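Below: one structure, written as structure tokens.
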């Protein structure tokens, strides 16, 4: 029996083994046994900043493009797939990026433009379902469980049609992940970029996840990965072999999350967007840290991570917050007002000034930095606002 099929060019749905779409003659077909039974989607725009810039500058269509600081001290905010073929990656310094890809064109970010495109993309998604949960300016979860009754199309067809409209109306591309929960939909959207369409069904999930590194699971960052490694857990299959009671005893509440995620189980619902009140990042140490140089070394990449998220969401922070936790679990929070910024250097400088006041020989087991009092320059105009925090 043939699996249900959807055409990725016209969104037609049909059964059978035809090599071409009976409606538009396209060969871009996708089949999966659970195709029309899954309702949670994740849409991730392909190399969003760079794609928007190439759209507006057609002469760069086949050229490597890097969006980021315009001097060698800046960092890569985004890059196109042509640049990625040379080894360029986000958060890399512009100097290193140009060493790897000397012919690249460097373009400073135009956050207001990206935000406008992002708003239009969201409006297209909301025409199909009110249950849209943006993760950032260029990706979102969608719950399409009611779309068949309302629009007489399956969730898979709706996702294809949304991305078709991205291409025709916004002239950007995106990749689609479809599954039965958020965890797997997001994983799926990253499997076939760019212009991808991937599905993880209930029958696929556990076997698909088993050989993957544990970092494929939401919530598993470097610190938790290191802790799991010490327990002999490097692959999701290792987690599948662990008893839930043991995981909870070892990792607390996160142990139960790991147990469920490793089996493809995720009960989180798609939540329509609430405005971000803060953006932060933190790191738990494998051992207690007392020295300022070591804490400073940890602070810098956290500031860069916060800056990248602010830029992705088109936001600026007006307060920088430092978080510290001592070895006896006392939590300290300090803040400082700053000029509205999304600059990693500005966030780091403010965080370092706060940190220097707290380092007095105490041992710390966690450091974090973030921005609060967030504004968007397009909706909260300020004549003195500098988009790049300079």
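Residue numbers (my numbering): 2 to 391. C-beta: ideal position from N, C-alpha, C; glycine also. This one's a predicted model, so the numbers in the text were calculated from it and none came from an experiment.
- Around the C-beta of residue 86, fewer than 16 other C-beta atoms lie within 10 Å, and the residue is accordingly described as exposed.
- Every alpha helix (DSSP H) of 4 residues or more that sits fully in the segment 165-210 is shown, in chain order, as 183-190, 206-210.
- With respect to the 8 Å criterion, residue 135 and residue 148 are not classified as neighbours on the basis of their beta carbons.
- The segment 281-369 is shown to contain whole alpha helix (DSSP H) runs of 4 or more residues at 293-314, 345-359, in chain order.
- Secondary structure at residue 240: helix, using DSSP grouped into helix, strand and coil.
- Taking 8 Å as the cut-off, the beta carbon of residue 105 is found closer than this to the beta carbon of residue 98.
- A contact between stretches requires three or more CB pairs, one per stretch, nearer than 8 Å, and the segment 264-273 meets this requirement with the segment 170-188.
- The distance from the Cβ of residue 6 to that of residue 15 is about 6 Å, consistent with a contact at the 8 Å cut-off.
- By the neighbour-count definition (other C-beta atoms within 10 Å, threshold 16), residue 23 is an exposed residue.
- By the Cβ neighbour-count rule, residue 347 is buried, with 16 or more other Cβ atoms within 10 Å of its own.
- Here residue 130 is actually not in contact with residue 111; their C-beta atoms are around 29 Å apart, not less than 8 Å.
- Ranked by how close their Cα comes to the Cα of residue 255, the residues 270, 79, 224, 280 have 224 in first place.
- Annotation: the continuous beta strand (DSSP E) that includes residue 32 extends over 30-32.
- The Cβ-Cβ distance between residue 296 and residue 365 falls below 8 Å.
- In the DSSP secondary-structure assignment, residue 43 is bridged to 142, 178.
- One alpha carbon belongs to residue 353, the other to residue 331, and they sit about 20 Å apart.
- For residue 214, the three-state secondary structure derived from DSSP is strand.
- DSSP places residue 69 inside the beta strand (DSSP E), whose first and last residues are 66-69.
- In this structure the segment 279-287 touches the segment 219-239; the number of beta carbon pairs closer than 8 Å is three or more.
- A contact is defined here as three or more CB-CB pairs under 8 Å, and the segment 182-193 fails this definition with respect to the segment 160-173.
- For residue 231, the uninterrupted alpha helix (DSSP H) run begins and ends at 223-231, by DSSP.
- Between residue 163 and residue 41 a beta carbon distance of about 14 Å is seen, past the 8 Å cut, so the two are scored as non-contacting.
- The alpha carbon of residue 153 has as its nearest neighbour, out of 12, 370, 298, the alpha carbon of 12.
- About 4 Å separates the Cβ atoms of residue 326 and residue 367, confirming a contact at the 8 Å cut-off.
- With respect to the 8 Å criterion, residue 66 and residue 81 are classified as neighbours on the basis of their beta carbons.
- Cβ neighbours of residue 192 within its own chain (closer than 6 Å, five residues either side excluded): 199.
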